[in-house]
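Only one structure is covered here, and it is reproduced in the block below.
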Amino acid sequence: MDHLANEAVIEGLIPGHVIILPSSFHGSPRAMQQNYQDAMAIVQKYGKPDLFITFICNPTWIEIEEQLFPGQTPFDRPDLITRVFKLKLNELIDDIFKKHILGQTIVNVFVIKFQKRGLPNCHILIILANGDKPKDENHIDHIVCSEIPDPVQLPQLYKCMRRHMIHGPCGTLNSHSPCMEDDKCSKEFPKEFPNDTLPNKDGYPRYRRRDNGITMTIGKYEVDNRWIVPYNPYLLMKYNAHINMEICTTVKSIKYLFKYIYKGHDCANIKLQRPVKEGAAADQGTLE
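The numbers in the sequence shown follow my numbering, run straight up by one, and end at 300.
And the structure:
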(Lines of atoms letter the chains of each structure in order from A; the text may use other names.)
(Lines give C-alpha, C1' and ligand atoms only; values in the text may rest on other atoms or scores of the structure.)
Protein backbone atom coordinates (compact mmCIF):
# COMPACT_ATOMS: atom_id res chain seq x y z
CA MET A 13 0.00 0.00 0.00
CA ASP A 14 2.88 2.37 0.74
CA HIS A 15 4.30 1.60 -2.70
CA LEU A 16 1.00 2.50 -4.36
CA ALA A 17 0.78 5.73 -2.38
CA ASN A 18 4.35 6.68 -3.36
CA GLU A 19 3.65 5.94 -7.02
CA ALA A 20 0.56 8.13 -6.87
CA VAL A 21 2.61 11.02 -5.45
CA ILE A 22 5.28 10.63 -8.15
CA GLU A 23 2.67 10.57 -10.91
CA GLY A 24 0.70 13.42 -9.39
CA LEU A 25 -2.39 11.28 -8.93
CA ILE A 26 -4.95 11.06 -6.19
CA PRO A 27 -5.27 7.36 -5.30
CA GLY A 28 -8.55 5.83 -4.28
CA HIS A 29 -9.02 3.33 -1.49
CA VAL A 30 -6.68 0.36 -1.75
CA ILE A 31 -8.34 -2.88 -0.73
CA ILE A 32 -6.44 -6.15 -0.39
CA LEU A 33 -8.68 -9.19 -0.02
CA PRO A 34 -7.41 -11.58 2.69
CA SER A 35 -7.22 -15.34 2.28
CA SER A 36 -10.39 -15.66 4.37
CA PHE A 37 -12.31 -14.12 1.44
CA HIS A 38 -13.36 -17.04 -0.77
CA GLY A 39 -12.27 -16.57 -4.36
CA SER A 40 -9.58 -13.99 -3.61
CA PRO A 41 -6.08 -14.48 -5.08
CA ARG A 42 -4.67 -15.21 -1.62
CA ALA A 43 -7.37 -17.82 -0.95
CA MET A 44 -6.74 -19.48 -4.31
CA GLN A 45 -2.99 -19.59 -3.67
CA GLN A 46 -3.39 -21.10 -0.21
CA ASN A 47 -5.89 -23.68 -1.44
CA TYR A 48 -3.54 -24.66 -4.26
CA GLN A 49 -0.66 -25.09 -1.82
CA ASP A 50 -2.85 -27.16 0.51
CA ALA A 51 -3.88 -29.37 -2.41
CA MET A 52 -0.27 -29.90 -3.46
CA ALA A 53 0.59 -30.86 0.12
CA ILE A 54 -2.13 -33.53 -0.10
CA VAL A 55 -0.58 -34.84 -3.32
CA GLN A 56 2.83 -34.96 -1.67
CA LYS A 57 1.42 -37.28 1.00
CA TYR A 58 -1.11 -39.39 -0.93
CA GLY A 59 0.13 -39.28 -4.52
CA LYS A 60 -1.30 -38.03 -7.79
CA PRO A 61 -5.06 -37.77 -8.50
CA ASP A 62 -6.63 -40.71 -10.31
CA LEU A 63 -9.88 -39.16 -11.58
CA PHE A 64 -10.81 -35.70 -12.81
CA ILE A 65 -14.57 -35.05 -13.01
CA THR A 66 -16.37 -31.99 -14.35
CA PHE A 67 -20.07 -31.70 -13.43
CA ILE A 68 -22.12 -28.96 -15.13
CA CYS A 69 -25.65 -27.90 -14.19
CA ASN A 70 -28.46 -28.90 -16.55
CA PRO A 71 -30.96 -25.99 -16.63
CA THR A 72 -33.68 -28.30 -17.97
CA TRP A 73 -33.73 -30.59 -14.94
CA ILE A 74 -37.34 -31.37 -14.07
CA GLU A 75 -36.75 -30.08 -10.51
CA ILE A 76 -36.01 -26.65 -12.00
CA GLU A 77 -38.71 -26.54 -14.67
CA GLU A 78 -41.46 -27.53 -12.23
CA GLN A 79 -40.75 -24.49 -10.04
CA LEU A 80 -40.75 -21.84 -12.78
CA PHE A 81 -43.57 -19.33 -13.00
CA PRO A 82 -45.41 -18.95 -16.33
CA GLY A 83 -43.22 -17.11 -18.82
CA GLN A 84 -40.01 -17.69 -16.86
CA THR A 85 -36.91 -19.43 -18.16
CA PRO A 86 -34.35 -21.18 -15.93
CA PHE A 87 -31.95 -18.27 -16.47
CA ASP A 88 -34.49 -15.94 -14.84
CA ARG A 89 -34.05 -17.89 -11.60
CA PRO A 90 -30.35 -18.18 -10.71
CA ASP A 91 -31.38 -18.85 -7.11
CA LEU A 92 -33.34 -21.91 -8.18
CA ILE A 93 -30.62 -23.18 -10.52
CA THR A 94 -27.98 -22.85 -7.81
CA ARG A 95 -30.06 -24.58 -5.15
CA VAL A 96 -30.96 -27.56 -7.33
CA PHE A 97 -27.37 -27.90 -8.57
CA LYS A 98 -26.05 -27.95 -5.00
CA LEU A 99 -28.51 -30.69 -4.04
CA LYS A 100 -27.50 -32.73 -7.09
CA LEU A 101 -23.82 -32.15 -6.30
CA ASN A 102 -24.33 -33.32 -2.71
CA GLU A 103 -25.84 -36.55 -4.03
CA LEU A 104 -23.00 -37.00 -6.53
CA ILE A 105 -20.46 -36.52 -3.75
CA ASP A 106 -22.26 -39.14 -1.64
CA ASP A 107 -22.22 -41.57 -4.57
CA ILE A 108 -18.49 -41.13 -5.05
CA PHE A 109 -17.18 -40.62 -1.52
CA LYS A 110 -19.61 -42.66 0.61
CA LYS A 111 -21.06 -45.29 -1.73
CA HIS A 112 -17.73 -45.65 -3.57
CA ILE A 113 -19.27 -46.29 -6.98
CA LEU A 114 -15.88 -45.56 -8.59
CA GLY A 115 -13.83 -47.31 -5.92
CA GLN A 116 -12.59 -46.58 -2.41
CA THR A 117 -11.87 -42.84 -2.21
CA ILE A 118 -9.18 -41.66 0.20
CA VAL A 119 -8.80 -38.01 -0.91
CA ASN A 120 -11.02 -35.57 -2.77
CA VAL A 121 -10.70 -31.93 -3.73
CA PHE A 122 -13.46 -30.02 -5.48
CA VAL A 123 -14.16 -26.44 -6.54
CA ILE A 124 -17.54 -24.93 -7.45
CA LYS A 125 -17.62 -22.05 -9.90
CA PHE A 126 -19.86 -20.39 -12.47
CA GLN A 127 -19.52 -20.40 -16.23
CA LYS A 128 -19.63 -17.14 -18.16
CA ARG A 129 -23.19 -17.98 -19.21
CA GLY A 130 -24.16 -18.28 -15.55
CA LEU A 131 -24.46 -22.03 -14.96
CA PRO A 132 -22.73 -23.48 -11.87
CA ASN A 133 -20.27 -26.31 -12.34
CA CYS A 134 -17.89 -28.31 -10.21
CA HIS A 135 -14.39 -29.70 -10.81
CA ILE A 136 -13.55 -32.75 -8.69
CA LEU A 137 -10.18 -34.45 -8.22
CA ILE A 138 -10.12 -37.89 -6.62
CA ILE A 139 -7.34 -40.07 -5.24
CA LEU A 140 -8.37 -43.72 -4.97
CA ALA A 141 -7.08 -46.46 -2.70
CA ASN A 142 -4.27 -48.54 -4.19
CA GLY A 143 -6.52 -51.50 -4.87
CA ASP A 144 -9.00 -49.39 -6.88
CA LYS A 145 -6.62 -47.31 -8.99
CA PRO A 146 -7.19 -47.75 -12.76
CA LYS A 147 -4.00 -49.58 -13.71
CA ASP A 148 -4.88 -51.21 -17.03
CA GLU A 149 -7.03 -50.59 -20.09
CA ASN A 150 -9.82 -52.92 -18.95
CA HIS A 151 -10.22 -51.04 -15.68
CA ILE A 152 -10.19 -47.69 -17.51
CA ASP A 153 -12.82 -48.90 -19.99
CA HIS A 154 -14.97 -50.01 -17.04
CA ILE A 155 -14.95 -46.47 -15.61
CA VAL A 156 -14.80 -44.25 -18.71
CA CYS A 157 -16.57 -44.57 -22.05
CA SER A 158 -15.92 -42.50 -25.19
CA GLU A 159 -18.28 -44.21 -27.61
CA ILE A 160 -21.85 -43.79 -28.81
CA PRO A 161 -24.08 -46.42 -27.13
CA ASP A 162 -26.37 -48.66 -29.14
CA PRO A 163 -29.64 -46.70 -29.56
CA VAL A 164 -31.70 -49.92 -29.57
CA GLN A 165 -30.19 -51.68 -26.55
CA LEU A 166 -29.51 -48.52 -24.49
CA PRO A 167 -32.01 -45.88 -25.65
CA GLN A 168 -31.96 -43.80 -22.44
CA LEU A 169 -28.16 -43.68 -22.31
CA TYR A 170 -28.11 -42.83 -26.02
CA LYS A 171 -30.50 -39.93 -25.41
CA CYS A 172 -28.47 -38.53 -22.48
CA MET A 173 -25.16 -38.91 -24.30
CA ARG A 174 -26.55 -37.20 -27.41
CA ARG A 175 -27.75 -34.25 -25.36
CA HIS A 176 -24.79 -33.70 -23.06
CA MET A 177 -21.59 -35.38 -24.26
CA ILE A 178 -21.07 -34.34 -27.90
CA HIS A 179 -18.25 -31.90 -28.57
CA GLY A 180 -18.81 -29.23 -31.18
CA PRO A 181 -18.81 -30.19 -33.94
CA CYS A 182 -15.89 -27.97 -34.87
CA GLY A 183 -12.92 -27.99 -37.26
CA THR A 184 -13.81 -28.53 -40.90
CA LEU A 185 -17.45 -29.12 -39.94
CA ASN A 186 -17.77 -25.79 -38.14
CA SER A 187 -14.82 -23.40 -38.25
CA HIS A 188 -16.70 -20.81 -36.14
CA SER A 189 -17.02 -23.00 -33.05
CA PRO A 190 -15.88 -21.23 -29.81
CA CYS A 191 -13.21 -23.90 -29.24
CA MET A 192 -11.35 -23.02 -32.45
CA GLU A 193 -7.94 -21.35 -32.02
CA ASP A 194 -5.61 -20.80 -35.00
CA ASP A 195 -7.87 -22.99 -37.14
CA LYS A 196 -7.52 -25.89 -34.68
CA CYS A 197 -9.73 -27.21 -31.91
CA SER A 198 -8.26 -26.27 -28.52
CA LYS A 199 -9.64 -29.58 -27.14
CA GLU A 200 -8.03 -31.57 -29.99
CA PHE A 201 -11.29 -32.83 -31.50
CA PRO A 202 -12.00 -34.84 -33.55
CA LYS A 203 -10.02 -37.61 -31.87
CA GLU A 204 -8.56 -40.67 -33.57
CA PHE A 205 -10.08 -44.16 -33.80
CA PRO A 206 -7.99 -46.35 -31.43
CA ASN A 207 -9.44 -49.84 -31.02
CA ASP A 208 -7.99 -50.09 -27.51
CA THR A 209 -7.34 -47.64 -24.70
CA LEU A 210 -3.72 -46.48 -24.79
CA PRO A 211 -1.72 -44.70 -22.06
CA ASN A 212 -0.49 -41.20 -22.75
CA LYS A 213 2.71 -40.06 -21.07
CA ASP A 214 1.65 -36.38 -21.19
CA GLY A 215 -1.67 -36.64 -19.36
CA TYR A 216 -4.93 -38.39 -20.18
CA PRO A 217 -5.01 -41.78 -21.91
CA ARG A 218 -6.24 -42.20 -25.47
CA TYR A 219 -9.61 -43.76 -24.79
CA ARG A 220 -11.05 -46.55 -26.90
CA ARG A 221 -13.06 -45.13 -29.82
CA ARG A 222 -13.81 -47.94 -32.22
CA ASP A 223 -14.86 -47.22 -35.79
CA ASN A 224 -18.01 -49.32 -35.42
CA GLY A 225 -20.18 -47.40 -37.87
CA ILE A 226 -22.55 -45.99 -35.21
CA THR A 227 -23.22 -42.30 -35.87
CA MET A 228 -25.76 -39.66 -34.91
CA THR A 229 -26.94 -36.44 -36.50
CA ILE A 230 -26.47 -33.21 -34.54
CA GLY A 231 -28.17 -30.38 -36.40
CA LYS A 232 -26.88 -30.66 -39.94
CA TYR A 233 -23.73 -32.57 -38.94
CA GLU A 234 -23.13 -36.30 -38.65
CA VAL A 235 -20.81 -37.26 -35.79
CA ASP A 236 -19.18 -40.52 -34.71
CA ASN A 237 -17.10 -41.75 -31.76
CA ARG A 238 -14.35 -39.21 -32.49
CA TRP A 239 -16.57 -36.41 -31.13
CA ILE A 240 -17.61 -38.01 -27.83
CA VAL A 241 -16.52 -36.38 -24.55
CA PRO A 242 -15.43 -39.13 -22.08
CA TYR A 243 -18.18 -40.04 -19.62
CA ASN A 244 -19.27 -42.60 -17.07
CA PRO A 245 -22.50 -44.31 -18.24
CA TYR A 246 -23.96 -44.74 -14.74
CA LEU A 247 -23.42 -41.12 -13.68
CA LEU A 248 -24.61 -39.75 -17.02
CA MET A 249 -27.83 -41.76 -16.81
CA LYS A 250 -28.52 -40.91 -13.17
CA TYR A 251 -27.86 -37.16 -13.27
CA ASN A 252 -28.85 -36.35 -16.87
CA ALA A 253 -26.14 -33.68 -17.13
CA HIS A 254 -22.71 -33.08 -18.60
CA ILE A 255 -20.32 -35.13 -16.44
CA ASN A 256 -16.90 -35.40 -18.04
CA MET A 257 -14.84 -38.24 -16.56
CA GLU A 258 -11.07 -38.31 -17.14
CA ILE A 259 -8.33 -40.65 -15.93
CA CYS A 260 -5.16 -38.92 -14.68
CA THR A 261 -2.30 -41.12 -15.84
CA THR A 262 0.90 -39.21 -15.08
CA VAL A 263 2.54 -37.01 -12.48
CA LYS A 264 3.01 -34.34 -15.15
CA SER A 265 -0.72 -33.60 -15.13
CA ILE A 266 -0.91 -32.87 -11.39
CA LYS A 267 0.07 -29.20 -11.33
CA TYR A 268 -1.98 -28.45 -14.43
CA LEU A 269 -5.09 -29.99 -12.88
CA PHE A 270 -4.76 -28.22 -9.55
CA LYS A 271 -3.94 -24.89 -11.18
CA TYR A 272 -6.94 -25.40 -13.45
CA ILE A 273 -9.41 -25.82 -10.61
CA TYR A 274 -7.86 -22.94 -8.65
CA LYS A 275 -7.29 -20.56 -11.55
CA GLY A 276 -9.81 -18.06 -10.15
CA HIS A 277 -12.16 -15.70 -11.89
CA ASP A 278 -11.82 -13.88 -15.18
CA CYS A 279 -10.35 -10.42 -14.61
CA ALA A 280 -10.20 -7.18 -16.55
CA ASN A 281 -8.31 -3.92 -16.08
CA ILE A 282 -10.23 -0.66 -16.09
CA LYS A 283 -9.06 2.91 -16.49
CA LEU A 284 -10.80 5.96 -15.02
CA GLN A 285 -10.11 9.33 -16.60
CA ARG A 286 -10.94 12.61 -14.88
CA PRO A 287 -11.50 15.70 -17.04
CA VAL A 288 -8.07 17.30 -17.59
CA LYS A 289 -7.82 21.02 -17.00
CA GLU A 290 -6.28 23.14 -19.70
CA GLY A 291 -2.50 23.28 -19.33
CA ALA A 292 -2.30 20.19 -17.12
CA ALA A 293 -0.25 17.13 -18.00
CA ALA A 294 -1.98 14.79 -20.41
CA ASP A 295 -1.95 11.84 -18.01
CA GLN A 296 -2.85 13.82 -14.90
CA GLY A 297 -5.86 12.42 -13.12
CA THR A 298 -5.64 8.99 -14.68
CA LEU A 299 -6.25 6.05 -12.40
CA GLU A 300 -5.71 2.44 -13.45
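Even glycine gets a Cβ: it sits at the ideal position worked out from N, Cα and C. These figures come from a predicted structure and were not determined experimentally.
When beta bridges are read from the DSSP output, Y243 appears opposite C157 and N256. A straight-line Cα-Cα distance of about 23 Å links Q165 and F205.
With a cut-off of 8 Å on Cβ pairs, the stretch 37–56 is not in contact with the stretch 239–252, counting fewer than three such pairs.
For E234, the enclosing beta strand (DSSP E) starts and ends at Y233 to V235. Cβ-Cβ separation between I136 and F122: approximately 4 Å, consistent with a contact (criterion under 8 Å). Around the beta carbon of Y219, a 10 Å sphere encloses 16 or more other beta carbons of the protein chains shown; the residue is thus reported as buried. Taking a 10 Å sphere around the C-beta of V235, we find 16 or more other C-beta atoms and assign the residue as buried. When rounded, the separation of the alpha-carbon atoms in Q46 and F37 is 11 Å. Pairing I93 with G130 gives a Cβ-Cβ distance under 9 Å. Annotation for L101: no beta strand (DSSP E) segment contains it, though the alpha helix (DSSP H) segment containing it runs P90 to F109.
Sequence-distant Cβ neighbours of I152 in its own chain, meaning closer than 8 Å and more than five residues away, are P146, T209, P217, Y219 and I259.
Inter-residue distance for R286 and A17 is about 18 Å (C-alpha atoms, whole angstroms). Residue pairing by DSSP puts M192 in a beta bridge opposite C197. Straight through space, the alpha carbons of D14 and S158 are spaced by roughly 55 Å.
DSSP places H176 outside any beta strand (DSSP E); the residue lies instead in the alpha helix (DSSP H), whose first and last residues are P167 to H176.
In the DSSP secondary-structure assignment, T117 is bridged to L140.
The beta carbon of F97 lies closer than 7 Å to those of C69 and P132 in the same chain, with the five residues before and after it left out.
In terms of CA proximity to N207, R222 leads the group F109, E77, R222 and Q84.
Restricting attention to N252, N237, M249 and N186, the CA atom closest to the CA of G231 is found in N186. Taken through DSSP and simplified to helix, strand or coil, H112 comes out as coil. If the five residues before and after H179 are omitted, its C-beta is found closer than 6 Å to the C-beta atoms of F201, W239 and V241, all from its own chain and listed in chain order. By the criterion of a C-beta distance shorter than 6 Å, A141 is surrounded in its chain by Q116 and I118, once the five residues flanking it on both sides are discounted. In the three-state reduction of the DSSP assignment, V164 falls in the coil class, being assigned neither a helical nor a strand state.
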